[in-house]
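Please read the structure below before turning to the comments.
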Amino acid sequence: MKKAKIWLIVAACLIFIGCIILGSALYMIKWDFAKLATTNYETNVHNISENYKNIAVVTDTADVVFVVSEDEKTVVTCKEQKNLRHKVLAENDTLTIEVVDEQKWYEHIGINFGKTEITVAIPKGEWGTLSVKSHTGDVEIPKDFKFNSIDISGSTGAVKNYASAVGAIKIGTSTGRIETEAITAANLELTVSTGNILASDITCEGDVSVKASTGKTELNNVRCKNVISGGDTGKMLLKNVVADEKFSIERDTGDIRLEACDAAEIFIETDTGDVSGTLLSEKVFITKTDTGKISVPKTTSGGRCEISTDTGNIKIQIK
Numbered sequence: 038m039k040k041a042k043i044w045l046i047v048a049a050c051l052i053f054i055g056c057i058i059l060g061s062a063l064y065m066i067k068w069d070f071a072k073l074a075t076t077n078y079e080t081n082v083h084n085i086s087e088n089y090k091n092i093a094v095v096t097d098t099a100d101v102v103f104v105v106s107e108d109e110k111t112v113v114t115c116k117e118q119k120n121l122r123h124k125v126l127a128e129n130d131t132l133t134i135e136v137v138d139e140q141k142w143y144e145h146i147g148i149n150f151g152k153t154e155i156t157v158a159i160p161k162g163e164w165g166t167l168s169v170k171s172h173t174g175d176v177e178i179p180k181d182f183k184f185n186s187i188d189i190s191g192s193t194g195a196v197k198n199y200a201s202a203v204g205a206i207k208i209g210t211s212t213g214r215i216e217t218e219a220i221t222a223a224n225l226e227l228t229v230s231t232g233n234i235l236a237s238d239i240t241c242e243g244d245v246s247v248k249a250s251t252g253k254t255e256l257n258n259v260r261c262k263n264v265i266s267g268g269d270t271g272k273m274l275l276k277n278v279v280a281d282e283k284f285s286i287e288r289d290t291g292d293i294r295l296e297a298c299d300a301a302e303i304f305i306e307t308d309t310g311d312v313s314g315t316l317l318s319e320k321v322f323i324t325k326t327d328t329g330k331i332s333v334p335k336t337t338s339g340g341r342c343e344i345s346t347d348t349g350n351i352k353i354q355i356k
C-alpha cells in the first residue's frame with residue numbers, strides 16, 4: 038500500500054511538471070496552436086490554355102469553390118499540402134483536377150490545423166458535365182454557370198449549388214448539408230444521411246427526388262413532374278410545392294407538413310410522424326391511422342390523396 042501511494046505521488050508530480058512545460062511552451066508561442074502544426078502548406082497556381090468543356094474534380098479534404106474568371110481565362114489555384122498536391126490538366130475535352138498522395142506513411146501522423154482549398158476560376162456561361170468527388174471538403178458552385186449535368190458526392194462536407202443544368206443534377210453526402218436555390222434541371226436528386234436538405238425556387242421538367250435518413254428536408258417554391266421522398270426519422274416541410282403528377286413520400290417517425298402544396302395525386306405514409314398542412318385543390322381523401330386523430334375535408338371530387346400513419350395524427354385543409 039505504501040509503495041502504491043509513492044507511485045501515485047510520483048505520477049501526480051510528473052503530470053504537474055508536464056502541465057508546466059506545456060503551459061510554458063504555449064505561452065512562448067502566444068497560444069497560437071497553429072504553430073504546433075507539423076504539416077506544411079503551399080499555394081500552386083495552374084493557368085489552363087487548352088480548350089475543354091467538361092470538368093472533373095477528385096479530392097480528399099479540400100474545399101472546392103468555383104468562381105467567375107475576371108479575364109475569361111481558366112485558373113486553378115490550389116492551397117495544398119506539399120506531399121498531397123493536385124494534378125491539374127486539360128485533355129480529351131475535360132479539365133481534370135485530381136489529388137495525388139505522395140506522402141510517406143509516417144507523414145500521415147502529425148498535427149494539422151490547416152485547410153486545403155481548390156479555387157476554380159472559369160468564364161461565365163454554359164459548360165458540359167461537372168463531376169466533383171470529395172471526402173470532407175465543402176463544395177460551392179455559384180449561379181453564374183450552367184452545365185449539361187451536375188454530379189457531386191461527398192462524405193461530411195457541405196454542398197452549396199446555385200448552378201442549373203440542362204440534364205440531371207445529382208448531389209449526395211453523408212452528414213453534410215445540401216443547399217440549392219434558384220435552379221432549373223431536367224431532374225433533381227438530393228441524398229443525405231444525417232445532414233439537412235434545403236431546396237428553394239426549383240423548376241424541374243422531371244422528378245425531384247429527396248432522401249434523408251435523420252436530417253430535416255425543406256422544399257420551397259418547387260415546380261416539377263413528381264416529388265419522391267424517402268427517409269427514416271427526418272422531418273419534411275414543403276412550402277408552395279406543386280407537382281404535375283404526384284407526391285410519393287415515406288417516413289418512419291418524422292413529421293410531414295405541406296403548406297400551399299398540390300399534385301394530381303398524393304401518397305404519404307409514415308409510422309409515428311404527424312401529417313398536416315394545406316392543399317390548393319380538392320381531393321378524394323383516403324386516410325388511415327391506428328391511434329392518431331384524423332381531420333380532413335369531406336370532399337368528393339379531385340385527385341386521390343392517400344395518407345396513412347400508425348400513431349401519428351392527420352390534419353389537412355384545402356386553402
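For the sequence shown, the numbering used here begins at 38 and goes up steadily by one. Where is the CB? At the ideal position from N, CA and C, for every residue including glycine. Predicted model, so just to flag it, every value in this text is computed and none were measured.
Problem - Classification of Glu79 by the beta-carbon crowding that lies within 10 angstroms, buried from 16 upward - result: Exposed.
Problem - Beta-carbon gap between Gly310 and Asp292 smaller than 8 Å - result: For Gly310 and Asp292, yes; Cβs fall inside 8 Å.
Exercise for the section: Inspect the CB distances between the segment 212-227 and the segment 191-202 and report whether three or more fall short of 8 Å. Expected result: Output reads yes: the segment 191-202 touches the segment 212-227.
Problem - Cβ pair Asp308, Asp281 closer than 8 Å - result: In terms of Cβ geometry, Asp308 and Asp281 do not form a close pair [threshold 8 Å].
Handout entry: Proximal residues to Glu287 (C-beta, below 6 Å), its chain only, five neighbours per side dropped
Key = Counting only Cβ-Cβ distances below 6 Å, and skipping sequence neighbours, we find Gly267, Glu306.
Handout entry: Beta-carbon proximity list for Lys253, same chain, < 6 Å, skipping 5 on both sides
Key = Excluding positions up to five away in sequence, the list reads Asn233, Gly271, Lys272.
Practice task
Would you kindly report the start and end of the unbroken beta strand (DSSP E) that includes Leu295?
Solution key: Residues 293-307.
Problem - Cβ neighbours of Phe284 in the same chain (closer than 6 Å, five flanking residues each side left out) - result: Short of 6 Å from the beta carbon of Phe284, and not among the five residues preceding or following it, lie these beta carbons of its own chain, in chain order: Val264, Ala300, Ile303.
Handout entry: Counterpart residues of Asn84 in DSSP-defined beta bridges
Key = DSSP lists Val112 as partners of Asn84.
Exercise for the section: Go ahead and pull the three-state DSSP assignment for Tyr89. Expected result: Of the three classes helix, strand and coil, the one that applies to Tyr89 here is coil, per DSSP.
Handout entry: Straight-line Cα distance separating Ser318 from Thr326
Key = In this model, Thr326 and Ser318 are separated by some 23 Å (Cα to Cα).
Practice task
Report the rounded CA-to-CA distance for Val82 versus Phe182, giving the unit in angstroms.
Solution key: Taking the straight line from one Cα to the other gives about 22 Å.
Exercise for the section: Given a cut-off of 8 Å, decide if Asp130 and Lys161 are closer than it, judged by their beta-carbon atoms. Expected result: With contacts defined as CB atoms closer than 8 Å, Lys161 and Asp130 fail to qualify as a contacting pair.
Practice task
Quick one: grab the DSSP three-state call for Val333.
Solution key: In the three-state DSSP reduction, Val333 falls in the coil class, being neither helix nor strand.
Handout entry: Pairwise C-alpha distance: Val113 and Ile85
Key = Roughly 8 Å between the two C-alpha positions.
Problem - Cutoff 8 Å; reference Ala223; Cβ partners in own chain excluding five residues on either side - result: Listed in chain order, the non-local C-beta contacts of Ala223 below 8 Å within the same chain comprise Ala202, Val203, Gly204, Ala205, Cys241, Glu242, Gly243, local neighbours out to five positions each way being set aside.
Exercise for the section: On the DSSP bridge assignment, give the partners of Asp281 in chain order. Expected result: Secondary-structure assignment with DSSP links Asp281 through no beta bridge to anything.
Exercise for the section: Return the chain-ordered list of same chain residues with a C-beta closer than 7 Å to the C-beta of Val312, the five sequence neighbours on each side being excluded. Expected result: For Val312, where only same-chain residues beyond five positions count, the Cβ hits under 7 Å are Ile293, Ile305, Ile344, Thr346, Gly349, Ile351.
Handout entry: N-terminal and C-terminal residue of the beta strand (DSSP E) that Glu319 is part of
Key = In the DSSP assignment, Glu319 falls outside any beta strand (DSSP E), carrying neither H nor E.
Handout entry: Strand pairing of Ser237, partner residues [DSSP]
Key = Looking at the DSSP assignment, Ser237 forms a beta bridge with Glu218, Asn257.
Exercise for the section: Using three-state DSSP, classify Val203 as helix, strand or coil. Expected result: DSSP places Val203 in coil when its eight states are reduced to three.
Problem - Leu73 (DSSP reduced to helix, strand or coil) - result: Unreliable placement is indicated for Leu73, whose pLDDT of 44 sits below 50; no coordinate value is reported for it.
Problem - Beta carbon of Thr315 nearer than 8 Å to that of Lys276 - result: No. Outside cutoff.
Exercise for the section: Decide if Lys207 is buried, meaning its Cβ has at least 16 other Cβ atoms within 10 Å, or exposed. Expected result: So Lys207 counts as buried.
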